[in-house]
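Residue numbers (UniProt numbering): 1 to 574. See structure below.
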Amino acid sequence: MPVRELSEEAKRKLDELRRKRRRIQEEEERENSLFHLLGEDDPTAEEEERERQEKEKQRDVAEYETLKMRKEKEERRRQELLEERRKRKKADAGEEEKEDTKEEEESGVAPIEKRREAAKSLLESQMELKKEAEKFVKSAADQAAEEERQILRELEEKRALKAVQELAKGVEYTEPIKTSWRPTEFLENLPEEELDRIREEFYIHVEGDNCPPPVTRFKDLKIPFSLLDYLKAKGISKPTPIQMQALPVVLSGRDLIGIAFTGSGKTLVFSLPILLFSAEEELNNPFQRGDGPLGLILCPSRELANQTYEGLLEMADAMVRAGLPAVRVLLAIGGIDMREQADVLNRGPHVVVATPGRLQDMLEKKRLVLKDCRYLALDEADRMIDQGFEDDMRNIMSFFSCQRQTVMFSATMPQKIQSFAKTALIQPITVNVGRAGAASLDVTQEVEYVKQEAKIVYLLQCLSKTPPPVLIFCQNKKDVDDIHEYLVLKKVAVASIHGGKTQEERKAAVKDYKHGKKDVLVATDVASKGLDFADVQHVINFDMPDEIENYIHRIGRTGKRGGEEKKRRRKRIE
1 MPVRELSEEA KRKLDELRRK RRRIQEEEER ENSLFHLLGE DDPTAEEEER
51 ERQEKEKQRD VAEYETLKMR KEKEERRRQE LLEERRKRKK ADAGEEEKED
101 TKEEEESGVA PIEKRREAAK SLLESQMELK KEAEKFVKSA ADQAAEEERQ
151 ILRELEEKRA LKAVQELAKG VEYTEPIKTS WRPTEFLENL PEEELDRIRE
201 EFYIHVEGDN CPPPVTRFKD LKIPFSLLDY LKAKGISKPT PIQMQALPVV
251 LSGRDLIGIA FTGSGKTLVF SLPILLFSAE EELNNPFQRG DGPLGLILCP
301 SRELANQTYE GLLEMADAMV RAGLPAVRVL LAIGGIDMRE QADVLNRGPH
351 VVVATPGRLQ DMLEKKRLVL KDCRYLALDE ADRMIDQGFE DDMRNIMSFF
401 SCQRQTVMFS ATMPQKIQSF AKTALIQPIT VNVGRAGAAS LDVTQEVEYV
451 KQEAKIVYLL QCLSKTPPPV LIFCQNKKDV DDIHEYLVLK KVAVASIHGG
501 KTQEERKAAV KDYKHGKKDV LVATDVASKG LDFADVQHVI NFDMPDEIEN
551 YIHRIGRTGK RGGEEKKRRR KRIE
C-alpha cells in the first residue's frame with residue numbers, strides 16, 4: 001500500500017497541540033500538586049512540595065518519565081487520597097446514622113427503610129466524589145492529548161477509505177451513482193402513508209433521504225422473466241422483508257447498509273443488481289482483454305465466497321438462456337489454483353468474488369485492477385471486522401480509481417461497523433429488518449443442561465430425535481475431530497470442517513452435506529459465516545461461543561424457509 005503523508009495543515013495542528021501540552025505539563029508540575037487539584041488542605045503540603053520538586057529535578061537529570069508513567073503515578077496518589085476521604089466520610093456518616101437511628105426509633109420509622117436510605121445516600125455521595133475527582137485530575141494536558149489522538153483517528157479513517165488518485169486530487173463525492181432503473185409508475189404514485197404501512201407490516205425500518213418504495217412482488221423490479229423463472233425454480237416466489245426494501249435501494253444506485261437476521265435472503269440483494277448492471281454494460285460496451293471488473297464482492301470465508309460464486313453462476317446461466325449477454329464471474333480465494341480461473345481473468349471478469357487476503361495479494365501484484373470497478377458489496381461485514389480484516393478492507397478500497405456504489409450487509413451492527421460505514425458510504429440508506437443482532441423469529445431455541453463428560457454421548461440421543469440434515473457447532477478443532485470420530489464409530493453419516501483442514505477437504509465436506517450424502521456436519525464457526533444449507537431443521541451448539549454475534553450466526557443456519565424449526569443448545573452444568 002503506498003505511503004501517504006499527512007497534509008501540512010494537519011502537521012501544523014498536531015505540532016501546536018504537542019507544544020500546548022508540554023507547556024501545560026510544565027506549569028502544572030511547577031505550580032500544582034494533586035492535593036491542590038482535589039481541594040485538600042494537607043498540613044505538610046509545603047514540605048512535600050519541596051521534596052517533590054527535588055525528586056523531579058533528580059528524575060529529570062537521571063531518567064525521563066513518559067506521560068503514561070506520570071499519569072499512572074498521579075492516579076495511584078489520587079486513589080490513596082480518595083480512600084482517606086471515604087474513610088472520613090464513612091466515620092462521619094456512622095455518627096450521623098446513630099443519631100438518625102435514635103430519632104427514627106422515637107418517630108416510629110422502620111429500621112430497614114432507614115438502612116436502605118443510608119446506603120443509597122452513601123453510594124450517591126461516593127459516585128459524586130469520584131466524578132468530582134476525575135474532573136480535577138483530567139488536566140488540560142490530557143485534554144490536548146485526547147484532541148491529538150482524535151485528529152489522528154479522523155485523518156486516518158478519512159484518507160484510508162479513498163483511492164490514491166482521489167486523495168491526490170482532493171476529490172470528494174457528495175452524490176450517489178445514477179442508474180437507469182426506476183420503480184414502476186404504480187409504486188411511484190403510492191402515497192407515503194401506504195408505503196409506511198407496508199414497511200410497518202413487515203417490520204422494515206428505514207433511515208435515509210429519498211428512499212425508493214418497497215416492492216411486494218419480484219416482477220415489480222422489472223427484471224428479466226428468465227430470472228423470475230429461476231427464482232421460482234429455487235422456491236423463491238416472493239421477496240423477503242429485506243429484499244422488499246433493499247433491492248429497490250441498490251437498483252437505484254444508492255449506498256446501502258443492510259441489517260437483518262442471518263438467513264433472511266441478503267445474498268440475493270447484492271447478487272441480482274450486479275448481474276443486471278454487468279449485462280447492461282456488456283451489451284453497450286463489450287469487455288476486452290484487461291477490462292473489468294465492474295463489481296467486487298468481499299466475503300469473510302472461503303466457503304461463503306464459493307457459495308456466493310456458485311449462486312452467481314446459476315443466475316448468469318439463466319440470463320444467457322434468455323438471450324442476455326454472458327456475465328463472467330471470477331472466484332479469488334485462498335487454497336485454490338488460480339490457473340483454473342486464468343481464462344476468465346484474461347478475458348476480463350465482470351464480477352469478482354473474493355476473500356480479503358487473496359484479493360489484496362492480486363491487487364498488489366497487479367494481476368487485477370479496479371480502475372473500472374463501480375460496485376462494492378461487503379457480505380458479513382461484521383465478521384470481516386472481527387477477524388481482523390479491517391486494515392485489508394481499507395487497503396483494498398485505496399485501489400479504486402472512480403466513484404463506487406457500496407453495499408454493506410451484516411447480521412449485527414457493532415460500533416466498528418458503524419464508524420466504518422460512516423466514512424465509506426455516501427448518503428447511505430439503512431434498511432433494518434427486526435433488530436440488529438437479533439435471532440430469527442422462525443427459530444425455536446431450547447436449552448439442555450448436560451454435564452461436560454456426558455455431552456458427546458448425549459449428542460447421539462439428540463440426533464435420533466430429529467430428521468437430517470443436522471448441524472453441530474463447536475468452539476475448537478479438537479472437539480470437532482472428537483465428535484466426528486465418535487459419530488463415525490456409531491455408523492452416522494457425518495462430515496466435519498474446521499480451519500485445520502485443507503480447502504479440498506472442506507469443499508468436499510460442504511458438498512456432501514448439501515447434496516444429502518452426509519446427514520450431519522460438525523464444524524467450528526467457519527460454517528456459520530453465511531453458508532446456506534437448505535432444510536436444516538436442527539442446530540446443536542456443543543458449547544457457547546465467546547461472542548453473542550457468533551451465536552446469532554450459528555442459529556441462523558436454520559429457520560431459512562420460514563418454518564417452525566428447532567434449535568437446541570447444550571450448556572455444561574458446573
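Every residue, glycine too, gets a C-beta built ideally from N, C-alpha and C. Nothing here was measured: the structure is a model prediction, and the numbers come from that model.
Asked	Found
Cβ-based burial, Asn189 [other Cβ within 10 Å; buried from 16]	exposed
In chain order, each alpha helix (DSSP H) run of at least 4 residues that lies wholly inside the segment 203 to 279	225 to 233 and 241 to 251
Unbroken beta strand (DSSP E) run spanning Ala354, endpoints	Val351 to Ala354
CB-CB length for Gly323 against Thr267, believed under 8 Å	That pair is no contact at about 25 Å.
Straight-line gap, Ile483 to Tyr458 (C-alpha atoms, nearest Å)	11 Å
Other residues of its chain near Gln245: CB distance less than 6 Å, five sequence neighbours each side excluded	Ile204, Pro214 and Val431
C-beta atoms of Gly334 and Thr308 nearer than 8 Å	no
Run of the alpha helix (DSSP H) containing Ala421, from where it starts to where it stops	Gln415 to Ala424
Residue nearest to Val447 in terms of C-alpha spacing, selected from Glu72, Phe270 and Ile555	Ile555
In DSSP terms, what Ser496 is bridged to	Val522
Range covered by the alpha helix (DSSP H) that runs through His515	Where His515 is concerned, there is no enclosing alpha helix (DSSP H), given that its DSSP letter is neither H nor E.
Distance CB(Tyr375)-CB(Leu294) smaller than 8 Å	yes
Rounded straight-line distance, which links the Cα of Ser496 to that of Glu286	Before going on, a small fix: residue 286 reads as Pro here, not Glu. Spanning the two alpha carbons is a distance of roughly 43 Å.
The beta strand (DSSP E) enclosing Phe473, as first and last residue numbers	Val470 to Phe473
Whole-number beta carbon distance between Ala493 and Val510, since they are thought to touch under 8 Å	No, Val510 and Ala493 are not in contact; Cβ-Cβ is about 15 Å, not under 8 Å.
DSSP-derived helix/strand/coil call for Asn541	strand
Span separating the alpha-carbon of Phe473 from that of Asp209	41 Å
Whole runs of the alpha helix (DSSP H) within the segment 311 to 348, excluding any shorter than 4 residues	342 to 347
Closest Cα partner of His498 within the set Lys416, Ser301, Asp382 and Met384	Ser301
With 16 other Cβ atoms within 10 Å as the buried cut-off, status of Pro212	buried
Of the residues Glu314, Lys219, Leu256 and Ala316, the one placed nearest Pro428, counting alpha carbons only	Leu256
Alpha-carbon spacing of Phe277 relative to Arg404, whole angstroms	13 Å
Chain-order list of residues whose beta-carbon lies under 6 Å from that of Leu370 (same chain, five-residue window excluded)	Phe399 and Phe400
Exposed unless 16 or more other CB atoms sit within 10 angstroms - verdict on Phe270	buried
Cα-Cα separation, Glu185 to Leu221	12 Å
Of the listed residues Glu505, Gln452, Arg358 and Ala326, nearest to Arg347 (C-alpha basis)	Ala326
Nearest to Gln387 (by Cα), restricted to the options Ile417, Arg22 and Met362	Ile417
Which listed residue (Ser264, Met393, Gly253 and Val250) has its alpha carbon closest to that of Ile236	Ser264
Short Cβ contact (8 Å threshold) for Leu296 with Cys373	yes
Beta-carbon separation (whole angstroms), Gly466 vs His538, contact threshold 8 Å	As written in the sequence, residue 466 is Thr, which differs from the Gly given in the question. Indeed, because the Cβ distance is near 4 Å, the residues count as touching under 8 Å.
Nonlocal neighbours in the same chain, by C-beta distance under 6 Å from Val353, ignoring five residues either side	Ile297, Ala305, Thr308, Tyr309 and Leu331
Residue range of the alpha helix (DSSP H) that includes Gln452	Looking at the DSSP string, Gln452 is not in any alpha helix (DSSP H), and its letter there is neither H nor E.
Buried versus exposed, by CB contacts within 10 Å (16 or more), Gln415	exposed
Rounded straight-line distance, which links the Cα of Asp196 to that of Lys11	49 Å
Sequence-distant residues of its chain with Cβ nearer than 8 Å to Thr216 (five each side left out)	Ile198, Lys238, Pro239 and Met244
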